[in-house]
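All remarks here apply to the structure that follows.
Chains as they are written, first to last, in our numbering: chain A, 198 to 495; chain B, -8 to 308.
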């Protein structure tokens, strides 16, 4: 697969030479000008993050009428405790985690099963038709279905995090199935045949042989589902009726009141909401990027 | 697991009456020519849920767009009146103009920025892994929270800095300026969306064999010349994917506007999606459903163009 070679170069230091053509003939010379330029450019990402941290550690007095860019001294750690209480952080965190974990598991299970069944029965009209039908979701943007959808889920008592899980899984199923199908096709049928000779059922073949082989794609689908679910604002905001069950991004709306001036509290809360994905990303960046890269190649 | 499979075999699900003999000759290695019913159990529940949660609301929406339903109470059919009225509604028209101008501008800037970053990351630079990690951070953050952070930067930090350096046009918040607010939205969207596009470009750049550059080197082509006549044509397929996926995504912009301007000042930055969502509270449910159907047809048209272009370029999707 081209995907695996690409992710290797993505993760390793052996990426092919592009720029610095002249120097390449003298060996592996680093292009320092370009390195400097890239570092300066990366400040566009780092500055807003630095600013968020600096703001979160200030007292309202330290913010005053300044730019907010100065590093506070002394640092005011109480903002985090105050934000923890003001947003009822544990509850919002649990709600977000609930939606995210179930969405990831649901996406992995449903799309891999569907992809396996479709890929192994491609010569049957029913399965080919199902594939095309599921792909149709890629052409329906959420704003188009959202008004009737909210009414429908409310009627069913799904105006809660569980309802959001359903929509996250089903909303991503076309893309995820597409990713999986290509991968399932690359798994030789002979692997299954011998297991079937030994009397394994289709379920057992899937669970014991196919699903473990899908591991690279599971990572890709899992990463996309995790990020999409954790950061989603639209669906939780519109679907979840009980404010105490709201997810972390939606809870941040609390600080957008007309008369709210406690910015340090707000920024402490923003930082706490951003921290989980940021920490996971920094710790597992090589793994995350190669997973996302595999999705991009598709 | 075994219990489920036993159930699956004793209760053949819907679709069992599909023709099974035709595939017999194509089945080469398969020992049986009947489809194992288990396969149906893998697909049918998902199909049912999908139909219920995605297809049904779409059909219900189309249905109500032909009525005068306000979101509550009685309703009756009014034919295509909603559609006729939408074309005469200056507020809707304005939201479409804003959304298209915004999506177009953002698509251009995102692709220029993303391609530049991808070229930089793909070149011989020091600390590649660290720099790459930093550039992809925006991808993992919530767009809404990012917008809240930028909201403060635009409305407090920037004016203070502008005053200090005597740049009077920026001394008031650009978010409160009817003519400039959209630029702030473009900027934050670029910040958020560039990493995704960069990844696709990186995949493209790494698909170009290095021999091609070595040959160009021997012919004495400079870096810029190499980029224009070699790199760009070779990654054109990736550019097409990025432009179309990006444009379609930016047409549905919502969160970043909520975090920055809330659609204001006035209605200057109200996107189509925001207009449609106003159908919840405004009492014009059926009217906004008609708007949603029009929006769907526009995105469908773009998707068709996308498929055409991709097929012609031979890029598989």
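Ideal placement from N, C-alpha and C gives every residue a C-beta, glycine not left out.
Inter-residue Cα distance where the pair is residue i and residue j
{"i": "residue 277 of chain B", "j": "residue 351 of chain A", "result": "18 Å"}
{"i": "residue 274 of chain A", "j": "residue 447 of chain A", "result": "24 Å"}
{"i": "residue 258 of chain A", "j": "residue 459 of chain A", "result": "10 Å"}
{"i": "residue 298 of chain B", "j": "residue 451 of chain A", "result": "42 Å"}
{"i": "residue 355 of chain A", "j": "residue 157 of chain B", "result": "55 Å"}
{"i": "residue 334 of chain A", "j": "residue 388 of chain A", "result": "33 Å"}
{"i": "residue 444 of chain A", "j": "residue 299 of chain A", "result": "14 Å"}
{"i": "residue 204 of chain B", "j": "residue 232 of chain A", "result": "21 Å"}
{"i": "residue 28 of chain B", "j": "residue 481 of chain A", "result": "40 Å"}
{"i": "residue 390 of chain A", "j": "residue 397 of chain A", "result": "9 Å"}
{"i": "residue 425 of chain A", "j": "residue 182 of chain B", "result": "17 Å"}
{"i": "residue 240 of chain A", "j": "residue 139 of chain B", "result": "19 Å"}
{"i": "residue 416 of chain A", "j": "residue 485 of chain A", "result": "8 Å"}
{"i": "residue 320 of chain A", "j": "residue 376 of chain A", "result": "19 Å"}
{"i": "residue 219 of chain B", "j": "residue 235 of chain A", "result": "21 Å"}
{"i": "residue 383 of chain A", "j": "residue 227 of chain B", "result": "27 Å"}
{"i": "residue 406 of chain A", "j": "residue 364 of chain A", "result": "29 Å"}
{"i": "residue 464 of chain A", "j": "residue 147 of chain B", "result": "14 Å"}
{"i": "residue 291 of chain B", "j": "residue 242 of chain B", "result": "12 Å"}
{"i": "residue 312 of chain A", "j": "residue 128 of chain B", "result": "31 Å"}
{"i": "residue 142 of chain B", "j": "residue 149 of chain B", "result": "10 Å"}
Expected contact under 8 Å - CB spacing of residue i and residue j to nearest Å
{"i": "residue 125 of chain B", "j": "residue 411 of chain A", "result": "Incorrect: roughly 31 Å between the Cβ atoms, too far for contact."}
{"i": "residue 369 of chain A", "j": "residue 422 of chain A", "result": "6 Å"}
{"i": "residue 194 of chain B", "j": "residue 229 of chain B", "result": "7 Å"}
{"i": "residue 312 of chain B", "j": "residue 237 of chain B", "result": "This structure cannot speak to residue 312 of chain B, because chain B is shown only from -8 to 308."}
{"i": "residue 177 of chain B", "j": "residue 89 of chain B", "result": "About 11 Å separates the two Cβ atoms, so there is no contact after all."}
{"i": "residue 41 of chain B", "j": "residue 367 of chain A", "result": "5 Å"}
{"i": "residue 73 of chain B", "j": "residue 56 of chain B", "result": "6 Å"}
{"i": "residue 347 of chain A", "j": "residue 49 of chain B", "result": "Rounded, the Cβ-Cβ distance is 13 Å, inconsistent with contact."}
{"i": "residue 291 of chain A", "j": "residue 361 of chain A", "result": "Contact doesn't hold; Cβ gap of about 14 Å is too wide."}
{"i": "residue 269 of chain A", "j": "residue 254 of chain A", "result": "5 Å"}
{"i": "residue 277 of chain A", "j": "residue 469 of chain A", "result": "7 Å"}
{"i": "residue 188 of chain B", "j": "residue 105 of chain B", "result": "4 Å"}
Where residue i falls: helix, strand or coil (DSSP)
{"i": "residue 58 of chain B", "result": "strand"}
{"i": "residue 127 of chain B", "result": "coil"}
{"i": "residue 430 of chain A", "result": "coil"}
{"i": "residue 68 of chain B", "result": "strand"}
{"i": "residue 85 of chain B", "result": "helix"}
{"i": "residue 300 of chain A", "result": "helix"}
{"i": "residue 233 of chain B", "result": "helix"}
{"i": "residue 102 of chain B", "result": "helix"}
{"i": "residue 274 of chain A", "result": "coil"}
{"i": "residue 481 of chain A", "result": "coil"}
{"i": "residue 48 of chain B", "result": "helix"}
{"i": "residue 120 of chain B", "result": "helix"}
{"i": "residue 309 of chain B", "result": "Shown here, chain B extends from -8 to 308; a query on residue 309 of chain B therefore has no answer."}
{"i": "residue 258 of chain A", "result": "helix"}
{"i": "residue 419 of chain A", "result": "helix"}
Residue i: contacting residues in chain A (beta-carbon distance under 7 Å)
{"i": "residue 76 of chain B", "result": "Per Cβ cutoff of 7 Å: no residues; residue 76 of chain B is ~17 Å from chain A at best."}
{"i": "residue 122 of chain B", "result": "235, 236 and 239"}
{"i": "residue 191 of chain B", "result": "493"}
Contact set between residue i and chain A, taken where Cβ atoms lie within less than 8 Å
{"i": "residue 274 of chain B", "result": "Those within 8 Å of residue 274 of chain B in chain A number zero; the least Cβ separation is about 13 Å."}
{"i": "residue 223 of chain B", "result": "Under the 8 Å cutoff, chain A gives no residues; its nearest Cβ is about 13 Å from residue 223 of chain B."}
{"i": "residue 294 of chain B", "result": "335 and 336"}
{"i": "residue 26 of chain B", "result": "318 and 321"}
Proximal chain B residues relative to residue i, where beta-carbon distance stays under 8 Å
{"i": "residue 281 of chain A", "result": "Ordered by position in chain B, no residue passes the 8 Å Cβ test against residue 281 of chain A, which lies about 16 Å from the chain."}
{"i": "residue 317 of chain A", "result": "30"}
Listed by chain order, chain B residues near residue i by CB distance under 7 Å
{"i": "residue 327 of chain A", "result": "34 and 38"}
{"i": "residue 307 of chain A", "result": "37"}
{"i": "residue 446 of chain A", "result": "133, 135 and 136"}
{"i": "residue 314 of chain A", "result": "30, 33 and 34"}
{"i": "residue 484 of chain A", "result": "Under the 7 Å cutoff, chain B gives no residues; its nearest Cβ is about 12 Å from residue 484 of chain A."}
Interface residues of chain A facing residue i [CB-CB closer than 9 Å]
{"i": "residue 154 of chain B", "result": "The premise fails here: residue 154 of chain B is roughly 10 Å from chain A at the closest Cβ pair, so nothing lies under 9 Å."}
{"i": "residue 203 of chain B", "result": "Residues of chain A passing the Cβ test: none, with the nearest at roughly 10 Å."}
- [ ] With 8 Å as the limit, tell me which residues of the region 250 to 275 of chain A have their beta carbon closer than that to any beta carbon of chain B; keep them in chain order.
- [x] 252, 262, 263, 264, 265 and 266
Task: Contact residues within the region 124 to 136 of chain B, judged by C-beta distance below 8 Å to chain A - done: 124, 125, 126, 127, 128, 129, 130, 131, 132, 133, 134, 135 and 136
Open item on the list: Output needed in chain order: residues of the region 28 to 44 of chain B with a Cβ under 7 Å from some Cβ in chain A.
Closed with: 29, 30, 33, 34, 37, 38, 40, 41 and 44
Task: Selection of the region 458 to 471 of chain A by Cβ proximity to chain B, strictly under 8 Å - done: 460, 463, 464, 467, 470 and 471
- [ ] Name, going along the chain, the residues of the region 349 to 360 of chain A whose beta-carbon falls closer than 7 Å to a beta-carbon of chain B.
- [x] 349
TODO: Taking a Cβ distance cut-off of 9 Å, strictly less, list which residues of the region 245 to 256 of chain B are near chain A, in chain order.
DONE: 245, 246, 249, 250 and 253
- [ ] Can you give me, in chain order, the residues of the region 157 to 176 of chain B that have a beta carbon less than 7 Å from any beta carbon in chain A?
- [x] none
Task: Against chain B: residues of the region 367 to 378 of chain A by CB proximity under 7 Å - done: 367 and 370
Open item on the list: Beta carbons nearer than 7 Å to chain A: which residues of the region 226 to 247 of chain B have them?
Closed with: 243, 245 and 246
- [ ] Select from the region 415 to 429 of chain A all residues with a C-beta closer than 8 Å to any C-beta belonging to chain B, and list them in chain order.
- [x] 424, 427 and 428
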